[in-house]
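Numbering (the working numbering), first residue to last: 70 to 206.
Ideal Cβ placement from N, Cα and C applies to all residues, glycine included.
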């Protein structure tokens, strides 16, 4: 089941990276989504990547906090704009739409990386339990 999760999110993140070409800051977001896709590919092939994922989580978390509290960020969207629809088109007069959408993307990437860390930890613990249970010859 986890391999399906990893493959699905790797594909989703690669598609999201490809869709960033029309973004005001495409290279940043292509890298962010590409790194999340790499995290999923590493999980898919069962490569331990705890430090890599923790680093991504820290990076995504810091940037998400910034987008939450910045002048035209998520907080502004909630308080000043009373949760206006995020499906309307992007306009220079409504930068909170872009920042809130970006916050959502970062949050999803952060959660997926956290799942990758937790599943890898569980796999490692199970491997240790299995190795300890086997008698030595």
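{"query": "Given 8 Å, three or more beta-carbon pairs between the stretch 173-191 and the stretch 72-87", "result": "yes"}
{"query": "Spatial neighbours of residue 171 in its chain, beta-carbon cut-off 6 Å, leaving aside the 5 residues before and after", "result": "136"}
{"query": "Distance CB(residue 179)-CB(residue 102) smaller than 8 Å", "result": "no"}
{"query": "Residue 74 - DSSP class collapsed to helix/strand/coil", "result": "helix"}
{"query": "Short Cβ contact (8 Å threshold) for residue 21 with residue 82", "result": "No statement about residue 21 is possible, as the shown extent of the chain runs from 70 to 206 and does not include it."}
{"query": "Whole alpha helix (DSSP H) elements within the stretch 82-160, 4-residue minimum", "result": "95-113, 119-138 and 143-148"}
{"query": "Residue 79 (DSSP reduced to helix, strand or coil)", "result": "helix"}
{"query": "Assigned exposure category for residue 91 - 16 Cβ within 10 Å defines buried", "result": "exposed"}
{"query": "Length of the line joining the Cα atoms of residue 146 and residue 112", "result": "35 Å"}
{"query": "Buried versus exposed, by CB contacts within 10 Å (16 or more), residue 85", "result": "buried"}
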